[in-house]
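Chemist: Quick one: this structure, given as structure tokens, is what I'll be asking you about.
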Amino acid sequence: MLPVSESARRALQDAEAEARSLHHSYVGTEHVLLGILREDEGRATGVLGPLGVSHAKVRSAIVGMMGVGIEAPQGELPLTAAAQNAVERAGREASVLGADEVGSEHILLALLRDPAGAASRIIRQLDVDPASIRPAIS
Numbered sequence: 108m109l110p111v112s113e114s115a116r117r118a119l120q121d122a123e124a125e126a127r128s129l130h131h132s133y134v135g136t137e138h139v140l141l142g143i144l145r146e147d148e149g150r151a152t153g154v155l156g157p158l159g160v161s162h163a164k165v166r167s168a169i170v171g172m173m174g175v176g177i178e179a180p181q182g183e184l185p186l187t188a189a190a191q192n193a194v195e196r197a198g199r200e201a202s203v204l205g206a207d208e209v210g211s212e213h214i215l216l217a218l219l220r221d222p223a224g225a226a227s228r229i230i231r232q233l234d235v236d237p238a239s240i241r242p243a244i245s
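First residue of the sequence shown? That's 108 in my numbering, and the numbers climb one at a time after it.
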């Protein structure tokens, strides 16, 4: 297993903070996408920004799709199965691309591999073809 970059680690921590701020009791792929977008220096943000995918737009899409919870959750928030699968797939994405560590861009690629996942749906809702992101990272 490859080591996880500091920006990827922060993105995953930020994902939980984003879920909490929306009063969601779980960390889903949509929150992971938000966490990635909070990391200004991450390669994934550099790819998404020019495509018109911003933190504000993704957050607005999440609120539109899932709403905001009533009260702030307590304790550690669990990853959904889809988010957990994406985190695990990110290591494979990094290996395939010959990277020395798992970066936020690899997590992004893993998120987009699941066309039914919330992150992929949000990207499509923002009129971006998820398939167009891979070549920009590879």
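Just so you know, even glycine gets a beta-carbon here, dropped at the ideal spot from N, CA and C.
Cβ atoms of L233 and V160: under 8 Å apart, would you say?
Modeler: Yes; because the gap between Cβ atoms is below 8 Å, this pair is in contact.
Chemist: If you measure between the beta carbons of G142 and A189, is that distance less than 8 Å?
Modeler: Not closer than 8 Å, so no.
Chemist: Indicate the three-state DSSP secondary structure (helix, strand or coil) for V175 in the structure shown.
Modeler: The answer is coil: DSSP assigns V175 none of H, G, I, E or B.
Chemist: According to DSSP, is V203 part of a helix, a strand, or is it coil?
Modeler: Looking at V203 - three-state DSSP - the assignment turns out to be helix.
Chemist: My understanding is that E208 touches V139, with C-beta atoms under 8 Å, so please give their C-beta distance in whole angstroms.
Modeler: 17 Å between Cβ atoms; not a contact.
Chemist: With DSSP run on the structure shown, which of helix, strand or coil describes L129?
Modeler: The answer is coil: DSSP assigns L129 none of H, G, I, E or B.
Chemist: Which one or two residues does DSSP pair with V111 in a beta bridge?
Modeler: Paired residues: V209.
Chemist: Counting Cβ pairs closer than 8 Å, one from the stretch 196 to 216 and one from the stretch 159 to 178, do we hit at least three?
Modeler: Contact between the stretch 196 to 216 and the stretch 159 to 178 is absent, because fewer than three Cβ pairs lie under 8 Å.
Chemist: On a CA-only basis, which of R127, G171, G182 is nearest R228? Give me that one, please.
Modeler: Of the candidates R127, G171, G182, the one whose C-alpha sits nearest the C-alpha of R228 is G171.
Chemist: Any C-beta of chain C sitting closer than 8 Å to the C-beta of R127?
Modeler: The chain labelled as chain C is not found in the depicted structure, where only one protein chain is given.
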